[in-house]
Every structure is written in structure tokens, then in C-alpha cells.
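Per the working numbering, numbering through the sequence shown is continuous, rising by one, with the last residue being 445.
Quick notes on the structure that follows.
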Amino acid sequence: MPNEVLIIGGGFAGLAAGVALAEAGRVVRLLEQKPHLGGRARSFLDPATSSKVDNGQHIFMGCYHATIRFLSTIGTLDRIRFQQHLTVHFLERNGRLTVLRCPNLPSPWHVLLGVLRSGSFTFKEKLEILRLGGSLHWGKAMQHGQEGLSVREWLTRLGQSERLQRNFWDLLCIAALNEDPSVASAALFERVLRLALFTSPEDSRLGIPHVGLSELYVDAATAYIHLKGGRVECGQGVAGLLVSEGRCRGVRLSSGERIEAEGVLSAVPPFQLASLLPGELLRHEPFFAPVVSLRPAPIISINLWFDRPITNLDFVGLRGTTIQWLFNKGKILGAGENYVSLVLSGAHRHIARSKEELLAMALRELGELFPQAQQASLLHSLVIKERSATFSPTWEAEQLRPTARTPVRGFYLAGDWTATGLPATIESAVQSGYNAARAVLQNHS
Ligand SMILES: Cc1cc2nc3c(=O)[nH]c(=O)nc-3n(C[C@H](O)[C@H](O)[C@H](O)COP(=O)(O)OP(=O)(O)OC[C@H]3O[C@@H](n4cnc5c(N)ncnc54)[C@H](O)[C@@H]3O)c2cc1C
């Protein structure tokens, strides 16, 4: 239909854009190549255990304002359980368990007091964190000319000791940016710290869905778009854009069918957009350069089912081990299973290892961390490798991220990798969907 807006891709970005456009009264047709929606944030039923398994554990934060608005619009926000206030447990290899619990005080006192009271840090480390936190809140933690530094270089210049970086900042950096601190952009990390830790106690809270990821948003967003007269179609791969005289006029499907539309909004990752763009644009239009320049960063999830519980904690950060976080999925989902999911982000050095090797490493480390794991029998395991979980957020990559408006009239970009100022996260994806929807509405009112 000529007045229709086509959306390519049914992840968070595409569905958020679809909901925003439908809300504004536009006719939406969303095309997803896979038989299911959800993209890099989806769940499925494991055939061996019938458990709901996510493609990887996803954490939300109180500062995910666009995501909270999106889930409120489609009526599923209550499927995320948000903490009352930021609380994170840390477990060391020797079995020592500590907690960082930030009280409900105005920012930055919630974090500063939380750090002061926590057994997770030595006295000297507390002073180091307070100094950094103070300059983030009251001063300029990032001096002019430091924007191009890596997280490692920046933290070292700010007097954060090697031990504190290894035991605390590295865990935060890899969890938030999915990249090693020696490579990740300090400017981006600083922005994340400000938004997540130094805005308000509400924004600092973590949220974990108590349903499978797909149940959180996929069906409800689809129902919303349908209700407003739009369509969501799976198994419809787009093979290319129809571009002539500097204007996008529709798409060509893998089946050969051509669909004309008033506007086309791509919500696919850069690695897949490359094959949709006409070669001419890819070669000669600098705007599209990031499509081939951004590099992927992997995440590995190791899902384990035991015959007995190995911990009572909901989740815990692990210090001194290869695996970084443990999520007690049986408890979180309330399904009564002894099912845990282990996360290994920024996993460049491990992605080529066999699943058997990764499993053996995980079981060895779990045995050291949790005495109960030594007695427990493993009933089932599932290792999931997401090779292109996010793009690698280096300083150079940050300079390349494109806006929602493109030089091609009628063609718009969304996706967690576009210029949102955030790392590749759900919040970035949803914000990008909203940005692209706004650009469509401004140009085609
Ligand atoms: C293991 C893992 C853990 C993560 N943990 C977190 C976390 O804790 N917190 C957080 O906020 N974020 C996390 N993320 C990041 C988050 O999942 C992504 O940022 C977000 O899902 C990206 O959404 P998107 O819509 O931009 O892209 P995608 O989800 O990749 O969606 C793109 C869609 O486009 C489709 N598509 C591609 N090409 C075509 C085509 N030619 N035609 C039609 N359709 C096409 C794809 O099939 C896909 O469904 C994690 C990611 C992974 C993989």
C-alpha cells in the first residue's frame, strides 16, 4: 500500500518503532525474516526440560525510560521485577560473599553510602570509588582530550587500582558495554555510569523479567500493531531496498515479490543491512560506512540444570573467574527447577572454544564458588553462543553510528547500533525505534 510504512526486522527496535507509528495512526507492515520475532532478545522452550530459555540473560535498569514506556504502552511492564533499590551480590573464588546495597537516598548519596557500607571493597578502594563518584556527580570526571581513551586508560588515570578495576569496574564495564575495558570507549562508559548510577536511586535499580524474554514483549507488541490496523509477518526476508533517484520506494523480498511503500524503516543489525543496500550506496555514501566498519562482540550463555539447588541468590557477580554472572533462573521464573544461567560477555577469547570445553570450565568454576555444586548432579546443559550479540563499542565505533534520518529520502534507520549515545542494549534499541518513528512522522505527516 502506498501510504504504508514498512519496517524490516522484528526485534525490540522494529517492534518499538511499529508500536510508536501505530500509536500515531500510521499503517504499519513489519517484515521479519525468521519464523519468530524477538531478534537478539528472545526465548524458546527447551525441548529436553520444557524450561523457558532466553537466548541470553537480559537485565533491565530503572534508567531504561524508553523501554519502560514501550512496555507500559503494550501493557507488560509488570512482567519485569524491579529491585526496591540497587542491590548486587559478589562472590569470590574462596567462597566469600559480599553485597553492594544502595539505600533510597538522593543521588549520589545512594551509591556513595552503599559503597561505604559494603564489604565488597577495602577502605582504600572505597576512597578510590568515592573520588571517582564525586567527580562524576559534582565535577568533570572526563577531562577535555580524554574522550578517546579506553575504559582501562581512563580508570587508571582516575587512580582506580588494578585490583579494584579487576574486581569491580571490569565486571560493570563488560556487563554494560559487552567489551573488554582495554578496548571499550571511556566516554561511553562514563555516560552509562552517569545515567545508571548517578541520576537517581530509581534509575539505578535493576530489573529482571520473570517470564521468558519473548513473553515480555513479542506477542503484546504484535497485538498492539494488529489492533491499530497494521500487520506483522514472520518468514518474510527482505533481500534489498528499491532505491531510485535518491528515494527509497519499497523493498524486494527474498521470494522476489516487490512491495512499494511511502517509507521504509530498517531495524536490522549493521551486519545484515549491508546486503540490503544497493552496492552503489554502500561503496560511495559515507553515511553507510559503519555498516561495514562496526565489529561484532560475542556473549556466551551456559545454561545448567541440576538435581538440587546450588544457591538461594537471585543473581550474583563472580570475581576472579572466567564466568562473570550467575542467574538463578529456576528461582527467577518461579518454575521450581534447579536451573541456572551463567554469562560470559565480551567473550572474544572464548567464542571459538567447543561447547564441551566451555561446559567443563563452567562446572569447574561453579564447584569452586558454590560448595553445593560439588554434590549436585548435572541433569542437562545448553550452551548458547551469540557471536554478534552487540557491536564492539570502541571510541572509533562511537564516531560512526548513524542517525535515524539517512541521505536516502523515505529510508530510516533504527537498531541498537544507531546513534543513541547508549551501548548496544534494549534501551538503545527502543530509543532508536522511537527516533526513527519520529523521523517518519515528521517527513510524512
Ligand atoms: C546474549 C545477549 C545478552 C544481552 N544482554 C543484554 C542485557 O542484559 N541488557 C540489555 O539491555 N541488552 C542486552 N543485550 C542486547 C540486546 O539484546 C540488543 O541490544 C537488542 O535486542 C537489539 O535489538 P534490535 O531490534 O536493535 O536488533 P535485533 O534484536 O537483532 O533485531 C533485528 C531483527 O531483524 C531481523 N532481520 C535481519 N535481517 C532481515 C531481513 N533481511 N529481512 C527481515 N528481517 C531481518 C532479524 O532476524 C532480527 O529479528 C544482549 C544481547 C545478547 C545477544
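Don't be surprised by glycine CBs; every beta carbon is placed ideally from N, CA and C.
Predicted model, so just to flag it, every value in this text is computed and none were measured.
- Taking threonine 403 as reference, the option from Glu396, Thr394, Ala414 and Leu136 with the minimal CA-CA separation is Ala414.
- At a cut-off of 6 Å, the beta-carbon of leucine 177 does not count as near ligand 1: no heavy atom of the ligand is closer than that.
- The continuous alpha helix (DSSP H) containing tyrosine 434 extends over residues 426 to 443.
- Shortest gap from the CB of alanine 13 to any heavy atom of ligand 1: under 6 Å.
- Bounds of the beta strand (DSSP E) holding leucine 30 are 28 to 32.
- By the Cβ rule, the region 294 to 314 counts as touching the region 332 to 342, because three or more pairs are nearer than 8 Å.
- When C-beta atoms of the region 133 to 143 are compared with those of the region 165 to 180, fewer than three pairs fall below 8 Å, so the two segments do not count as touching.
- Look at glycine 250: its beta carbon is at least 6 Å from all of the heavy atoms in ligand 1.
- Taking all protein chains shown into account, phenylalanine 123 has fewer than 16 neighbouring C-beta atoms within 10 Å of its C-beta and is therefore exposed.
- Straight across, the Cα-Cα distance linking glutamate 190 with leucine 136 is about 8 Å.
- The continuous alpha helix (DSSP H) containing glutamate 202 extends over residues 201 to 204.
- Between valine 53 and the set Gln431, Pro407, Ile384 and Lys355, the nearest pair of CA atoms involves Ile384.
- Fewer than three beta-carbon pairs drawn from the region 215 to 228 and the region 183 to 199 are found closer than 8 Å, and the two stretches are therefore not classed as touching.
- Checking the DSSP bridge columns, you'll see glutamate 92 partnered with Arg319.
- By the neighbour-count definition (other C-beta atoms within 10 Å, threshold 16), asparagine 312 is an exposed residue.
- Look at the beta carbons and you see the region 3 to 23 touching the region 226 to 245: at least three pairs across the two are nearer than 8 Å.
- At a threshold of 6 Å, glycine 229 does not count as near ligand 1, since its beta carbon sits no closer than that to any of the ligand's heavy atoms.
- Inclusion of leucine 31 in the 6 Å shell around ligand 1 follows from its C-beta lying nearer than that to a non-hydrogen atom of the ligand.
- Taking one beta carbon from each stretch, the region 380 to 395 and the region 84 to 96 have fewer than 3 pairs nearer than 8 Å; the two do not touch.
- With fewer than 16 other beta carbons inside 10 angstroms of its own, aspartate 78 counts as exposed.
- Spatial neighbours of arginine 152 in its own chain (CB-CB distance under 6 Å, excluding positions within 5 residues in sequence) are listed in chain order as Pro181 and Ser182.
- According to DSSP, tryptophan 325 shares a beta bridge with Gly317 and Val343.
- Pairwise C-beta distances place the region 430 to 444 in contact with the region 389 to 409, as three or more of them are shorter than 8 Å.
- Around the CB of aspartate 170, 16 or more other CB atoms lie within 10 Å, so the residue is classed as buried.
- With a cutoff of 6 Å, valine 268 counts as near ligand 1, since its C-beta is closer than that to a heavy atom of the ligand.
- In this structure, DSSP gives cysteine 173 a helical state, which the three-state scheme calls helix.
- Taken through DSSP and simplified to helix, strand or coil, tryptophan 395 comes out as helix.
- In chain order, Leu216, Tyr217 and Ala220 place their CB closer than 7 Å to the CB of threonine 76, counting only its own chain and leaving out the 5 sequence neighbours on each side.
- For the pair arginine 295 and phenylalanine 391, the Cα-to-Cα distance works out to about 5 Å.
- Secondary structure at alanine 20: helix, using DSSP grouped into helix, strand and coil.
- Counting other Cβ atoms within 10 Å of its Cβ, proline 106 stays below 16 and is therefore classed as exposed.
- Rounded to the nearest angstrom, the gap between the Cα atoms of proline 309 and alanine 335 is 13 Å.
- Below 8 Å, too few C-beta pairs join the region 321 to 331 and the region 416 to 424 to call them touching: fewer than three.
- By the 16-neighbour rule on beta-carbons within 10 angstroms, leucine 422 is buried.
- DSSP places glutamate 365 inside the alpha helix (DSSP H), whose first and last residues are 355 to 369.
- Under the criterion of beta carbons closer than 8 Å, alanine 186 and serine 150 qualify as touching, at roughly 6 Å.
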